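See structure below.
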Amino acid sequence: EDQVTQSPEALRLQEGESSSLNCSYTVSGLRGLFWYRQDPGKGPEFLFTLYSAGEEKEKERLKATLTKKESFLHITAPKPEDSATYLCAVQALETSGSRLTFGEGTQLTVNP
Amino acid sequence: DAGVTQSPTHLIKTRGQHVTLRCSPISGHKSVSWYQQVLGQGPQFIFQYYEKEERGRGNFPDRFSARQFPNYSSELNVNALLLGDSALYLCASTDRKNIQYFGAGTRLSVL
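Taken in order, these protein sequences are the chains called A and B.
Number 105 in the working numbering belongs to position 105 of the first sequence; there are no gaps in the numbering.
Number 194 in the working numbering belongs to position 82 of the second sequence; there are no gaps in the numbering.
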């Protein structure tokens, strides 16, 4: 069974204080790992897809990396508008269709 | 371009009732997936449909059913509602790069 564990559950940062969120996963064969951002009362917003170990992707203050067992979302010099819940999800090779298995998310708060 | 649209936004039902949730995918997307998100947890996969055929089913009871129409819109039906069905129901449509884009969801409260 595919499993995704995210840590920490919650993270408070001061504006400008860089940090990383962790996503550990167990999957029989990885088709893709996805990062989403979710604001309160809204649906998840797509950020990145990573497909193979060693791959990195960047978008503004965010950078996602992937190893064979985990992914990190690095946040550089965060701003209050980066406050949200960040969700990690995996898609298995054996999956017919596009089923995503999500972690429970990391709730990030960035204080001004 | 319009994103994934879901209706209604909020819904209040009582135990034992039936509910129908609706979803319109992004134009050009042929696949729709449904997820249930309980407060404080990540989304849980319920169903996926592609070209009107079921492509995947999550670990949900038979009270949950869905269908996809020729215009690729979709309905999620839940019968005999339980208190535990209270959640945010999310619909996602998938592009050709296999990326899922989510709607804002339907907040269902079962009293």
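No residue lacks a Cβ here, since even glycine has one placed at the ideal position from N, Cα and C.
Note that the coordinates shown come from a computational prediction; the quantities given were computed from them, not determined experimentally.
Backbone secondary structure at residue i - three-state DSSP
i, result
"Gly196 (chain B)", "helix"
"Glu60 (chain A)", "coil"
"Lys55 (chain A)", "The question names Lys, yet the displayed sequence has Glu at residue 55 (chain A). The answer is coil: DSSP assigns Glu55 (chain A) none of H, G, I, E or B."
"Glu17 (chain A)", "coil"
"Glu166 (chain B)", "strand"
"Glu81 (chain A)", "helix"
"Leu87 (chain A)", "strand"
"Asn183 (chain B)", "coil"
Under 7 Å from the C-beta of residue i: neighbouring residues of chain D
i, result
"Gln153 (chain B)", "Chain labels in this structure do not include chain D; the protein chains are A and B."
Status (buried if at least 16 other CB within 10 Å, exposed otherwise) for residue i
i, result
"Ser28 (chain A)", "exposed"
"Thr101 (chain A)", "buried"
"Gln14 (chain A)", "exposed"
"Ser71 (chain A)", "buried"
"Gly196 (chain B)", "exposed"
"Phe34 (chain A)", "buried"
"Tyr51 (chain A)", "exposed"
"Pro40 (chain A)", "exposed"
"Ser186 (chain B)", "buried"
Within-8 Å CB hit, residue i to chain B
i, result
"Pro44 (chain A)", "yes"
"Thr65 (chain A)", "no"
"Ser28 (chain A)", "no"
"Thr76 (chain A)", "no"
"Arg122 (chain A)", "The shown model of chain A, from 1 to 112, leaves out residue 122 (chain A), and the question about it has no answer."
"Ser98 (chain A)", "yes"
"Thr109 (chain A)", "no"
"Leu47 (chain A)", "no"
Residues near residue i in its chain [Cβ-Cβ closer than 6 Å; skip 5 each side]
i, result
"Arg219 (chain B)", "His122, Leu200"
"Gln3 (chain A)", "Thr26"
"Gln160 (chain B)", "Ser145, Arg167, Gly168"
"Leu188 (chain B)", "Leu133, Trp146, Ala178"
Which residues DSSP lists as bridging residue i, in chain order
i, result
"Val222 (chain B)", "B:Lys125"
"Ile242 (chain B)", "The question about residue 242 (chain B) has no answer here: the residues shown for chain B are numbered 113 through 223."
"Glu45 (chain A)", "A:Arg37"
"Ser7 (chain A)", "A:Asn22"
"Val150 (chain B)", "Bridge partners of Val150 (chain B): none, in fact."
"Phe159 (chain B)", "B:Trp146, B:Arg169"
Nonlocal neighbours in the same chain, by C-beta distance under 8 Å from residue i, ignoring five residues either side
i, result
"Ser18 (chain A)", "His74, Ile75, Thr76, Ala77, Pro78"
"Lys125 (chain B)", "Val131, Leu193, Leu220, Ser221, Val222, Leu223"
"Gly215 (chain B)", "Gly115, Val116, Thr117, Gln118, Cys135, Leu202, Cys203, Ala204"
Contacts around residue i, its chain only, beta-carbon distance under 7 Å, and the 5 residues preceding and following it disregarded
i, result
"Ser198 (chain B)", "Leu220, Ser221, Val222"
"Asp82 (chain A)", "Arg61, Ile75, Leu108, Val110"
"Tyr162 (chain B)", "Lys142, Ser143"
Residue i beta carbon near the ligand HEM (any heavy atom closer than 7 Å)
i, result
"Gly168 (chain B)", "This structure lacks the ligand HEM, and indeed carries no ligand of any kind."
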